[in-house]
Each structure stands twice: as C-alpha cells, then as structure tokens.
Amino acid sequence: MATSDRPVEVWRLPDEEWKAGRRALTWTVGPDGELAVLVVPEQYVAPAGSWPEVRYPYDAEVVVIGPRGEWRVPLSGVDRSPDHLALLPGGRLLLVEIRAEQDGDEWLPNGYVYGPDGTPGRELHLGDDMPVLVTDRAGRIWMAYGDEGIYGDHPMAAAGLRAADTHGRMVWSPDHRKLPGYPLEGLAGATEGGSTWLAWYPSSSGSYLTRIEAADGASTTVPCPVRQPVGFAVRAREGVFLSHGGDLTWHLLVGKQWKQTGKRRPDVPGELDRRRAYGRDGVLWFRSGNGWYRVAA
C-alpha cells in the first residue's frame with residue numbers, strides 16, 4: 032500500500048498540558064477539515080466509565096486546529112454533558128447531549144449553540160439517543176439515532192435518520208419505503224462535497240450506508256462493507272473504513288457492492304477511540320491516545 036495511505040498525525044495534546052492536568056474529551060472535525068477538541072481540567076473529569084464524563088458545572092476550552100492555525104474558545108460554567116461537539120458556520124460551536132430529558136410531558140433541549148467567543152446562544156431540541164451527529168457546510172445537523180430513541184417517545188428520533196437546521200427544525204428524513212429496513216442503530220457519519228453519508232443497521236443481519244444529496248434530499252443506500260464502523264470517509268467510488276476491531280480497510284464501490292482493496296492495522300501510539308471517527312471529503316480522521324490522525328480514502 033502506498034505511503035500516502037498511512038495515517039498522518041494532525042495534532043497532539045501537548046505534554047505540558049497533560050502534566051498540568053488537562054484532559055481531552057469530546058472531539059469533532061468540521062466540514063472544511065478543522066479539528067476541534069474539548070479540553071477540560073482534570074478536577075471536572077468524572078471517573079472512567081462514568082456518564083456524563085464530567086462533573087457539573089465545568090469550565091473547558093475548545094481547541095480548533097484549522098487553515099488559520101490553532102485557536103481556543105473558552106467555555107465557562109457548562110452544565111450539560113459534552114457527548115457531541117460540532118462546528119457550525121460563522122465560527123459557532125454546538126454541544127449536544129446524546130440523551131434528552133423530560134420535565135413532565137415536555138422534552139427539554141439537548142443541543143446548545145455557542146458563539147465564536149464561547150458565549151451561550153440558542154438551545155435546540157434534537158431528539159433522544161443519537162450516537163451519530165455530523166454537520167455540513169450549510170450548518171445542517173445530520174443525525175442517526177439509537178433504538179431507545181427510535182422506539183421511545185421522542186417524536187424527533189422516530190425516523191431513525193434525520194437532518195435539522197440550526198433552529199432544530201427538520202429539513203430531511205428518509206422515505207422508509209426506499210430503505211432495506213427500518214433503522215435500529217446509527218453507526219457513523221461523513222460528508223463528501225454536497226452529500227452526507229450515514230451508516231446504520233436495521234437488524235443483526237447487516238449494515239448500510241445511505242447517501243443524501245443536500246440539493247434535493249434524494250438518497251441512495253448500499254450495503255456497508257464493515258459491520259460496525261467507528262467511522263469512514265468516501266471520495267467518489269473509493270472509501271476507507273475504521274472497524275471496531277481497529278483495522279483500516281480500503282474499498283472500491285463497484286455497482287452497489289464494495290470490493291476491498293487494502294487493509295492495515297494503524298501503527299500509531301495510544302488506545303484507539305472506538306466511539307467516533309469522522310469522514311470529510313475522502314479523508315478519515317480518528318483518535319488514538321492523545322493524538323489525532325487522518326488517512327485518505
């Protein structure tokens with residue numbers, strides 16, 4: 032396999048910050064390839080395996096590494112779980128709790144927008160139990176829900192796959208008659224130009240990739256070559272997938288089937304993040320230990 036297909040380190044939490052007790056928690060990659068990492072002082076971090084991962088309220092910084100270099104956005108007195116971090120147009124940040132709580136019969140917001148300077152802004156209702164969340168260049172928020180949301184009481188999660196605008200209003204949901212089954216669990220998400228890909232499965236028999244065209248909402252679905260990908264990236268007919276087992280595999284889409292063209296165990300230090308990875312325009316970003324890496328499809 033060519034050298035260009037080897038993972039390249041993009042950023043690493045500086046050793047001096049680690050020694051000073053700062054810990055990197057949630058992270059994301061923006062539509063234009065900006066890496067963003069939520070860094071929290073150790074005194075706010077909950078014991079390993081806890082949910083939420085932090086003790087409320089907490090202070091944090093979002094470190095953004097992009098074409099303009101590195102900059103930091105301070106967040107103060109945050110009282111919500113940082114399950115998902117996403118970037119929105121205009122330098123805004125989005126923090127989302129994976130679960131939504133109820134107050135009587137009313138569902139409470141679980142999405143929170145922050146300005147470029149970290150000032151709290153709009154609150155959003157985004158649905159319950161969403162393991163997958165990714166934003167596109169227009170600011171649309173693409174989500175794939177889990178079974179507790181899909182078969183729960185929150186109306187926004189019932190579709191299984193969904194997109195919302197920055198007001199939380201639905202802008203896309205699937206025509207379930209065109210899917211190979213009803214979604215049961217979201218797996219991963221990626222963007223490619225004006226398209227968004229969502230990986231999901233309807234049952235234990237297999238998983239699928241649905242590609243949605245932002246221009247008109249048209250979608251196509253093909254089998255996913257990896258049963259439960261941590262993340263994936265697609266460029267035209269080429270794709271790279273990171274499996275829960277820790278393998279990187281490369282595939283070529285021939286018709287509606289993926290043909291494997293390569294496989295590698297990423298030779299990077301640290302423990303692999305098996306919860307999330309992001310695909311942006313044919314580049315897959317993933318985390319291992321305190322380092323973030325990218326590899327091309």
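Numbering (the working numbering), first residue to last: 32 to 328. We put the CB at the ideal spot given by N, CA and C, even for glycine.
- prompt: Excluding sequence positions up to five away, which residues of its chain have a Cβ less than 7 Å from the Cβ of H185?
  reply: As a working mapping, residue 185 is identified with position 154 in the sequence shown. Closer than 7 Å at Cβ, skipping near neighbours: A131, W138, G158 and D159.
task: For R123, count neighbouring C-beta atoms within 10 Å of its own C-beta (all shown protein chains included) and say buried if the count is 16 or more, exposed if not.
output: Position 92 of the sequence shown, counting from 1, holds the residue named residue 123. Flag for R123 reads buried.
task: Give the C-beta separation of G224 and T197 to the nearest angstrom, bearing in mind that I take them to be a contact with Cβ-Cβ under 8 Å.
output: In the sequence shown, residue 224 corresponds to position 193, counting from 1. In the sequence shown, residue 197 corresponds to position 166, counting from 1. About 21 Å separates the beta carbons of G224 and T197, which is beyond the 8 Å limit, so they are not a contact pair.
query: Quick one: what's got a C-beta closer than 7 Å to R86's C-beta in the same chain, skipping five residues either side?
result: Counting from one through the sequence shown, the residue named residue 86 turns up at place 55. Hits under 7 Å: Y75 and A77.
task: Take the Cβ of M174 as the centre, count every other Cβ of all protein chains shown within 10 Å, and call the residue buried at 16 or more, exposed below.
output: On the sequence shown, residue 174 is found 143 positions in, with the first residue counted as 1. The residue in question, M174, is buried, as its Cβ has 16 or more Cβ neighbours within 10 Å.
message: Across the region 227-239 and the region 274-292, are there enough close Cβ pairs to call them in contact, namely three or more that are closer than 8 Å?
response: They do not touch, by the three-pair rule.
- prompt: Beta-carbon separation of A221 and G310 under 8 Å?
  reply: Residue mapping note: residue 221 aligns to position 190 of the sequence shown, counting from 1. Residue mapping note: residue 310 aligns to position 279 of the sequence shown, counting from 1. Cβ distance < 8 Å, so A221 and G310 count as in contact.
- request: With a threshold of 16 other CB atoms inside 10 Å of the CB of M187, please say whether the residue is buried or exposed.
  value: Start at 1 with the first residue of the sequence shown, and residue 187 comes out as number 156. Burial is judged here by how many other beta carbons sit within 10 angstroms of a residue's own beta carbon; M187 has at least 16 and is buried.
- prompt: Between the C-alpha atoms of H115 and G262, what's the straight-line distance to the nearest angstrom?
  reply: For this step, residue 115 is matched to residue 84 along the sequence shown. For this step, residue 262 is matched to residue 231 along the sequence shown. Between the C-alpha atoms of H115 and G262 there is a straight-line separation of about 15 Å.
- prompt: What three-state label does DSSP hand E65 in the structure shown?
  reply: Residue 65 sits at position 34 when you count from the first residue of the sequence shown. If DSSP states are grouped into helix, strand and coil, E65 belongs with coil.
- prompt: Going by DSSP, what residues sit across from G237 in a beta bridge?
  reply: Counting from 1 along the sequence shown, the entry for residue 237 is found at position 206. Answer is S234, bridged to G237.
CB contact flag (S319, D304, <8 Å): Looking up residue 319 in the sequence shown gives position 288. Looking up residue 304 in the sequence shown gives position 273. Yes, they are a contact pair.
- prompt: Out of P62, D36, V60 and V70, which has the shortest C-alpha to C-alpha gap to P45?
  reply: Start at 1 with the first residue of the sequence shown, and residue 45 comes out as number 14. Looking at the Cα atoms, V70 is the closest of the given residues.
field: Check whether V68 and W58 have beta carbons under 8 Å apart
entry: Residue mapping note: residue 68 aligns to position 37 of the sequence shown, counting from 1. Residue mapping note: residue 58 aligns to position 27 of the sequence shown, counting from 1. Result yes, Cβ atoms of V68 and W58 sit closer than 8 Å.
query: Mind checking Y143: buried by the 16 CB within 10 Å criterion, or exposed?
result: Against the sequence shown, residue 143 aligns to sequence position 112. Buried is the call here.
- prompt: So, is the C-beta of Q259 closer than 8 Å to a C-beta in chain B?
  reply: Of the protein chains in this structure there is only one, and it is not chain B.
task: Can you tell me which of the three DSSP states D36 falls into?
output: Reading the sequence shown from its first residue, position 5 is the one you call residue 36. If DSSP states are grouped into helix, strand and coil, D36 belongs with the helices.
- request: Inspect the beta-carbon positions of V42 and W316 and report whether they are closer than 8 Å.
  value: As a first step, residue 42 is located in the sequence shown; it is residue number 11 there, counting from the start. As a first step, residue 316 is located in the sequence shown; it is residue number 285 there, counting from the start. Just to set this straight, residue 42 is Trp in the shown sequence, not Val. Their beta carbons are not under 8 Å apart, which means W42 does not touch W316 by this criterion.
field: Cβ-Cβ distance between V335 and D36 below 8 Å
entry: The question about residue 335 has no answer, for the chain in this structure spans 32 to 328.
- request: Give me the Cβ distance between W231 and L192, rounded to the nearest whole Å; I'm assuming they're in contact under 8 Å.
  value: Here the question's residue 231 lines up with position 200 in the sequence shown. Here the question's residue 192 lines up with position 161 in the sequence shown. Under the criterion of beta carbons closer than 8 Å, W231 and L192 qualify as touching, at roughly 7 Å.
field: As assigned by DSSP and simplified to three states, the class of E302
entry: As a working note, residue 302 is residue 271 in the sequence shown. Coil.
field: Pairwise C-alpha distance: M161 and G180
entry: Sequence index remark: in the sequence shown, residue 180 carries index 149 (1-based). Sequence index remark: in the sequence shown, residue 161 carries index 130 (1-based). Rounded to whole angstroms, G180 to M161 spans 7 Å at the Cα level.
query: Could you give the C-beta distance for R92 and P105, rounded to a whole number, given that I count them as a contact under 8 Å?
result: Walking along the sequence shown from the start, residue 92 turns up at place 61. Walking along the sequence shown from the start, residue 105 turns up at place 74. Looking at the sequence provided, one finds Glu at residue 92 rather than Arg. Contact flag correct, Cβ pair sits at about 6 Å.
Exposure of H156, with buried meaning 16 or more beta-carbon neighbours within 10 Å: Counted from its first residue, the sequence shown places residue 156 at position 125. Burial call: buried.
query: Distance, Cα to Cα, Y213 vs G177?
result: Here residue 213 is taken as the residue at index 182 of the sequence shown, counted from 1. Here residue 177 is taken as the residue at index 146 of the sequence shown, counted from 1. In this structure, the alpha-carbon of Y213 lies about 12 Å from that of G177.
query: Alpha carbon to alpha carbon, what distance is there between W49 and S250?
result: Position 219 of the sequence shown, counted from the start, is the residue given in the question as residue 250. Position 18 of the sequence shown, counted from the start, is the residue given in the question as residue 49. S250 and W49: Cα-Cα distance of roughly 44 Å.
- prompt: Nearest-angstrom Cα distance between R268 and S274?
  reply: Your numbering for residue 268 matches position 237 in the sequence shown. Your numbering for residue 274 matches position 243 in the sequence shown. In a straight line, the C-alpha of R268 is about 19 Å away from that of S274.
task: Give the DSSP-derived three-state secondary structure of P72 in the structure shown.
output: To locate residue 72, count along the sequence shown from 1; it is residue 41. Note: P72 maps to strand in three-state DSSP.
field: Close-in-space but distant-in-sequence residues of the same chain around P205 (CB under 6 Å, 5 per side omitted)
entry: What you label residue 205 is simply residue 174 of the sequence shown in a count that begins at 1. Within the same chain, P205 has close Cβ partners L192.
task: Would you mind working out which of S107, D167 and A245 sits nearest P120, comparing C-alpha positions?
output: One-based indexing of the sequence shown puts residue 120 at position 89. Looking at the Cα atoms, D167 is the closest of the given residues.
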